[in-house]
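Q: Numbered by my numbering, the letters in the sequence shown go through residues 55 to 537 in order.
Beta carbons are placed, not taken as given, at the ideal position from N, Cα and C, and that holds for glycine.
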Amino acid sequence: MHPLTLAEIARGLADKTFSSEELTRTLLARIQQLDPQLNSFISVTEDLAIQQAKAADTRRAAGETGALLGAPIGHKDLFCTLDIRTSCGSKMLDNFKAPYNATVVEKLAAAGAVTLGKLNMDEFAMGSANESSHYGAVKNPWNLERVPGGSSGGSAAAVAARLLPAATGTDTGGSIRQPAALTNLTGIKPTYGRVSRWGMIAYASSLDQGGPLARTAEDCALMLQAMAGFDPKDSTSVDQPVDDYLAALTKPLTGLRIGLPKEYFSAGLDSRIADAVMAVVEQLKALGATVKDISLPNTQNAIAAYYVIAPAEASSNLSRFDGVRFGYRCENPANLEDLYKRSRGEGFGAEVKRRIMVGAYALSAGYYDAYYIKAQQIRRLIKNDFVAAFNDVDLILGPTTPNPAWKLGEKSNDPVAAYLEDIYTITANLAGIPGLSMPAGFIDGLPVGVQLLAPYFEEGRLLNVAHQYQQVTDWHTRVPAGF
């Protein structure tokens, strides 16, 4: 049962080919057997999963239907889950059990999804390789010596290894799309405000957005349909009706206008990935799309702007972790100042400390105008680039990452090199537009992803194009050896 997609699971449960409890027990056994190789789970919630699976089977027996009713999933470990550890991959929250469920968790539970556990991640979602976790690095199932991408690397590795069919992730600068690309998955970052952030522990509040990782666009549509929607508890949630993403999948691509930004095909891009992108272009043209070259001139400034804005917001958000109210507390503090310093110094890892310091510097009185305000001005220019481009095209296509998955530890001592792996993804977060990565081939046995970007609230268009592409290709069906 483990090779089944969410859509196939839904059909199997509806046809009574198997029960949710049977499926759940099968996947729990698989996690126990295979996850020690990957380190993709922080917590496995076996008792909760079996309880939820039995409840789903009872609901189905009573005549209830629903695509996710009884379907097993996992949550990135920054979505608060009632009475279950929510660690954010950090020593700081190793002992924290949330007193409530995040809205995303509530929505998926209401749809009948079964939670198998909480998935490993870069500490406080800060990273591109899933190597900064307090619980150790996650391994890429396609090559256990390679990174799975980050920060949603645990979610990506678990889904790619068929430990579960789908998982939640979050995307602040590419943290759904980049690991999707490096592990041969489909992952979508919705428009900012489309999915509630309530109960999702913040990294950078104006950039964070939750979304699904799965093996197909159809499965992402099933997940996003349940996750999306207005939430009065989240002041950044947008009160706008949710489209029927499943209905959008089958629309033909005839007349679709696709833009290729010249800035995405610069010297920093592996030429083999460029070839894979162009092969996708040719396939989409065969499906009826038209293609034209466009320009997004402020792309070159995106990394600099992002790594001022995101750390600035992180330094503010993480100030709450002080050893007083919850989370890690140092032993035998001499006084309150010692409690603050040692609790934060011992509780946070190196990458988190680096970003807090950068952010505090950018927000300081002498540098606020020179750095933070300037970065926000660049952010507006990037948004304007997209608005102008979408006057001429319906969708933008390019590489998700400049390179395939790199070796574990290869960029650990060079954070700037790791930051540059996000060059194609961070602009969508700065502008707030939706983005999707889908499988598009392999280089030396390592997956390659192609990114699609669309105007605000056009997630259905992204899912439609990815689904139509997946009807005529089989990249997304490939399975890593041994899994």
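Here's the rule: buried if 16 or more other CB atoms are within 10 angstroms of the residue's CB, otherwise exposed. What is Gly322?
A: Residue 322 sits at position 268 when you count from the first residue of the sequence shown. Exposed, because fewer than 16 other Cβ atoms sit within 10 Å of the Cβ of Gly322.
Q: Taking the alpha-carbon of Leu114 as reference, which of Val526, Ser73, Leu147, Ala459 has the nearest alpha-carbon?
A: Residue 114 sits at position 60 when you count from the first residue of the sequence shown. What sits at residue 114 in the sequence shown is Arg, not Leu. Looking only at Val526, Ser73, Leu147, Ala459, the smallest Cα-Cα distance to Arg114 is reached by Ser73.
Q: Which runs of the alpha helix (DSSP H), 4 residues or longer, sit entirely within the region 259–293?
A: Those alpha helix (DSSP H) runs which fall completely within the region 259–293 and span 4+ residues are 271–281.
Q: Do Glu160 and Leu462 have their C-beta atoms closer together than 8 Å?
A: Working through the sequence shown from its first residue, we reach residue 160 at position 106. Working through the sequence shown from its first residue, we reach residue 462 at position 408. Not closer than 8 Å, so no.
Q: Below 8 Å between beta carbons: does that hold for Arg311 and Asp176?
A: By one-based count along the sequence shown, residue 311 stands at place 257. By one-based count along the sequence shown, residue 176 stands at place 122. 8 Å or more divides the Cβ of Arg311 from the Cβ of Asp176.
Q: Considering Gly377, what are the terminal residues of the beta strand (DSSP E) in which it resides?
A: Residue mapping note: residue 377 aligns to position 323 of the sequence shown, counting from 1. Where Gly377 is concerned, there is no enclosing beta strand (DSSP E), given that its DSSP letter is neither H nor E.
Q: Pick helix, strand or coil for Gly401, following the three-state DSSP scheme.
A: Within the sequence shown, residue 401 is the residue found at index 347, counting from 1. Three-state result, Gly401: helix.
Q: Taking Cβ to Cβ, would you say Gly313 is nearer than 8 Å to Ile450?
A: Residue numbering aside, residue 313 sits at position 259 when the sequence shown is read from its first letter. Residue numbering aside, residue 450 sits at position 396 when the sequence shown is read from its first letter. Yes, these two residues count as a Cβ contact at 8 Å.
Q: Can the beta-carbon of Arg4 be found closer than 8 Å to that of Thr304?
A: Outside the displayed range of the chain (55 to 537) lies residue 4, so it cannot be described from this structure.
Q: List the endpoints of the continuous alpha helix (DSSP H) containing Leu102.
A: Stepping through the sequence shown from its first residue, residue 102 is reached at position 48. Unbroken alpha helix (DSSP H) run through Leu102: 100–115.
Q: Less than 8 Å between the beta carbons of Leu390 and Tyr523, yes or no?
A: Residue numbering aside, residue 390 sits at position 336 when the sequence shown is read from its first letter. Residue numbering aside, residue 523 sits at position 469 when the sequence shown is read from its first letter. Cβ atoms of Leu390 and Tyr523: not closer than 8 Å.
Q: Please classify Asn197: does DSSP put it in a helix, a strand, or coil?
A: Within the sequence shown, residue 197 is the residue found at index 143, counting from 1. Strand, per DSSP.
Q: In chain order, what residues of the same chain have a beta carbon less than 6 Å from the beta carbon of Gly514, not counting five sequence neighbours either side?
A: Taking the first residue of the sequence shown as 1, we reach residue 514 at position 460. Excluding sequence neighbours, Gly514 sits near Asp297, Tyr299, Ala302.
Q: Under a Cβ-count criterion, where at least 16 other Cβ atoms within 10 Å of its own Cβ denotes burial, should Ser418 be classed as buried or exposed?
A: By 1-based counting over the sequence shown, the position of residue 418 is 364. It is exposed - the Cβ of Ser418 has fewer than 16 other Cβ atoms within 10 Å.
Q: Are the CB atoms of Gly377 and Leu393 nearer to each other than 8 Å?
A: By one-based count along the sequence shown, residue 377 stands at place 323. By one-based count along the sequence shown, residue 393 stands at place 339. A contact, by the Cβ cut-off of 8 Å.
Q: DSSP has Lys130 in a bridge; who is on the other side?
A: If you number the sequence shown from 1, residue 130 lands on position 76. BP columns for Lys130 point to Leu173.
Q: In whole angstroms, what is the alpha-carbon distance linking Leu517 and Arg396?
A: Residue mapping note: residue 517 aligns to position 463 of the sequence shown, counting from 1. Residue mapping note: residue 396 aligns to position 342 of the sequence shown, counting from 1. Looking at the two C-alpha atoms, the distance is approximately 47 Å.
Q: For a test of the three-state rule: what should DSSP assign to Ile357, helix, strand or coil?
A: Numbered from 1 along the sequence shown, position 303 holds the residue referred to as residue 357. DSSP places Ile357 within a helical segment (H, G or I) once states are collapsed to three.
Q: Would you tell me roughly how many angstroms separate the C-alpha atoms of Pro57 and Pro219, rounded to the nearest one?
A: Here the question's residue 57 lines up with position 3 in the sequence shown. Here the question's residue 219 lines up with position 165 in the sequence shown. Roughly 8 Å between the two C-alpha positions.
Q: Can you give me the start and stop residues for the beta strand (DSSP E) that Lys243 sits inside?
A: The count along the sequence shown starts at 1 and reaches residue 243 at position 189. Element bounds for Lys243: 240–243.
Q: Here's the rule I'm using: 16 or more other beta-carbon atoms within 10 Å means buried, otherwise exposed. How should Glu475 be labelled?
A: To locate residue 475, count along the sequence shown from 1; it is residue 421. A residue is called buried when at least 16 other Cβ atoms come within 10 angstroms of its Cβ; Glu475 meets this threshold and is buried.
Q: What is the C-beta distance between Val292 and Gly264, in whole angstroms, given that I count them as a contact (C-beta under 8 Å)?
A: Stepping through the sequence shown from its first residue, residue 292 is reached at position 238. Stepping through the sequence shown from its first residue, residue 264 is reached at position 210. Not confirmed; about 14 Å, so no contact.
Q: Over what stretch of residues does the alpha helix (DSSP H) that includes Gly514 continue unbroken?
A: Locating residue 514 in the sequence shown gives position 460, counting from the first residue. Residues 513–525.
Q: What number of angstroms, rounded off, separates the C-alpha of Ala429 from the C-alpha of Lys407?
A: Residue numbering aside, residue 429 sits at position 375 when the sequence shown is read from its first letter. Residue numbering aside, residue 407 sits at position 353 when the sequence shown is read from its first letter. Distance between the alpha carbons of Ala429 and Lys407: 21 Å.
Q: From the DSSP output, in three-state form, read off Met492 for me.
A: Taking the sequence shown and counting its residues from 1, one reaches residue 492 at position 438. The answer is strand: DSSP assigns Met492 an E or B state.
Q: Could you check if Arg374 is buried or exposed, using at least 16 other CB atoms within 10 Å of its CB as the buried criterion?
A: Position 320 of the sequence shown, counted from the start, is the residue given in the question as residue 374. With fewer than 16 Cβ atoms within 10 Å of its Cβ, Arg374 is classed as exposed.
Q: Which ranges would you report for the alpha helix (DSSP H) in the region 138–171 if only whole runs of at least 4 residues count?
A: 157–164
Q: Which first and last residues belong to the beta strand (DSSP E) in which Lys346 is found?
A: Residue mapping note: residue 346 aligns to position 292 of the sequence shown, counting from 1. Residue range 344–348 is occupied by the beta strand (DSSP E) that includes Lys346.
Q: Roughly how many angstroms separate the alpha carbons of Ile497 and Gly399, rounded to a whole number?
A: Residue 497 sits at position 443 when you count from the first residue of the sequence shown. Residue 399 sits at position 345 when you count from the first residue of the sequence shown. Distance between the alpha carbons of Ile497 and Gly399: 41 Å.
Q: If we ignore side chains and look at the alpha-carbon of each, how far apart do Val504 and Ile477 end up?
A: Against the sequence shown, residue 504 aligns to sequence position 450. Against the sequence shown, residue 477 aligns to sequence position 423. Straight-line Cα distance between these residues: approximately 13 Å.
Q: Which one or two residues does DSSP pair with Arg311 in a beta bridge?
A: The count along the sequence shown starts at 1 and reaches residue 311 at position 257. Answer by DSSP bridge pairing, in chain order: Thr344.
Q: Return helix, strand or coil for Leu390, following the three-state DSSP convention.
A: Taking the sequence shown and counting its residues from 1, the one referred to as residue 390 is at position 336. Note: Leu390 maps to helix in three-state DSSP.
Q: Using DSSP's beta-bridge definition, name the partner residues of Thr135.
A: Here residue 135 corresponds to residue number 81 of the sequence shown, with the count starting at 1. In the DSSP output, where bridge partners are listed per residue, Thr135 has Ile138.
Q: In the DSSP output, which residue or residues are listed as bridge partners for Ile450?
A: Against the sequence shown, residue 450 aligns to sequence position 396. The secondary-structure analysis by DSSP pairs Ile450 across a beta bridge with Gly313, Leu507.
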